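Structure first, commentary second.
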Ligand code: PGA
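Numbering (the numbering used here), first residue to last: 16 to 259.
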């Protein structure tokens with residue numbers, strides 16, 4: 016695992032975007048594994064900037080997203096399909112039909128099966144990840160065990176609390192989500208995880224310092240992957256007790 020310590024969250028995001036951009040430049044028909052949330056929202060503007068400056072071309076790129084809330088229509092402003100359209104896809108030349116965000120409404124069993132099939136179709140060239148305060152990746156929440164494949168996850172109280180900042184009211188936060196399993200995430204050829212903020216310090220410490228796979232910190236599964244880059248700012252590195 017490679018850990019990059021930056022001077023600021025903004026710099027972390029720019030570096031993550033450069034890593035993703037380099038993958039696309041080297042392989043124009045790359046398949047990107049994409050993420051949502053506050054961290055991802057700060058990374059996409061750098062990719063959009065490079066596209067606008069003619070440094071990146073997404074015309075042959077395809078994408079698949081980690082997860083989606085159960086119960087939100089794709090046009091709901093807090094759905095992850097809406098997030099992707101409004102934070103990234105609308106601003107670059109990616110072909111919308113080459114993007115995939117599982118639907119969180121309708122026949123959920125069918126959606127899970129379709130999502131799993133999409134995951135297995137071909138590996139992603141690079142997976143972008145955030146991390147939850149509780150160590151979740153995608154929506155794989157801590158528990159006695161972790162699921163390898165696509166499934167419906169009941170969200171942790173801490174996740175609902177953290178994500179309530181995006182909703183008018185905590186009660187509006189969906190209680191469930193469809194997510195890739197940790198095995199699906201580990202299929203990516205390369206993974207880049209970005210984190211900031213003191214609330215993430217414990218999860219990051221377990222990820223970058225510990226020597227254990229720990230189901231109470233799902234991100235620790237990334238330790239077994241051969242090509243993971245974790246990007247954190249100095250403030251978080253200090254709080255996590257990481258010495259570069
Ligand atoms: P955040 O979410 O970027 O909004 O903190 C990350 C995550 O929960 O994976």
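Just so it is clear, CB atoms sit at the ideal spot from N, CA and C, and this is done for glycine as well. From a predicted model like this one, the values you see are computed outputs, not experimental measurements.
DSSP three-state assignment for residue i, whether helix, strand or coil
i, result
"residue 142", "strand"
"residue 83", "strand"
"residue 192", "strand"
"residue 167", "strand"
"residue 20", "strand"
"residue 114", "strand"
"residue 179", "helix"
"residue 74", "coil"
"residue 38", "helix"
"residue 202", "coil"
"residue 62", "helix"
"residue 55", "helix"
"residue 27", "helix"
"residue 258", "coil"
"residue 186", "helix"
"residue 197", "helix"
"residue 234", "helix"
"residue 172", "helix"
"residue 67", "helix"
"residue 90", "coil"
"residue 229", "coil"
First and last residue of the uninterrupted alpha helix (DSSP H) at residue i
i, result
"residue 135", "123 to 136"
"residue 244", "Residue 244 -> not in any alpha helix (DSSP H); beta strand (DSSP E) instead, spanning 243 to 248."
"residue 152", "First-last for residue 152: undefined, no H or E at that position."
"residue 159", "Run containing residue 159: none; DSSP gives neither H nor E here."
"residue 109", "Residue 109 -> no alpha helix (DSSP H), and no H or E assigned at all."
"residue 222", "216 to 223"
Contact under 7 Å by Cβ, residue i with residue j
i, j, result
"residue 121", "residue 162", "no"
"residue 136", "residue 173", "no"
"residue 255", "residue 220", "yes"
"residue 35", "residue 167", "no"
"residue 188", "residue 206", "no"
"residue 71", "residue 39", "yes"
"residue 44", "residue 75", "yes"
"residue 83", "residue 119", "yes"
"residue 3", "residue 164", "The displayed coordinates of the chain run from 16 to 259. Any statement about residue 3 would go beyond what the structure contains."
"residue 126", "residue 117", "yes"
"residue 192", "residue 130", "no"
"residue 78", "residue 49", "yes"
"residue 235", "residue 229", "yes"
"residue 55", "residue 28", "no"
"residue 249", "residue 20", "yes"
"residue 245", "residue 208", "yes"
"residue 190", "residue 170", "yes"
"residue 59", "residue 88", "no"
"residue 32", "residue 62", "yes"
"residue 181", "residue 93", "yes"
Anticipated Cβ contact below 8 Å, residue i with residue j, distance rounded
i, j, result
"residue 210", "residue 145", "7 Å"
"residue 66", "residue 108", "7 Å"
"residue 16", "residue 247", "The Cβ separation is near 12 Å, so there is no contact."
"residue 232", "residue 158", "In fact, because the Cβ distance is near 11 Å, the residues do not count as touching under 8 Å."
"residue 97", "residue 90", "6 Å"
Host beta strand (DSSP E) of residue i (start-end)
i, result
"residue 48", "46 to 49"
"residue 210", "206 to 210"
"residue 101", "Careful: residue 101 lies outside any beta strand (DSSP E), inside the alpha helix (DSSP H) at 95 to 102."
Residue i: CB within 6 Å of a non-hydrogen atom of the ligand FAD
i, result
"residue 62", "The ligand FAD is absent from the structure shown, which contains only the ligand PGA."
Nearest-residue set for the ligand PGA, Cβ under 5 Å from any heavy atom: Chain-ordered list of matching residues: 52, 53, 54, 145 and 147.
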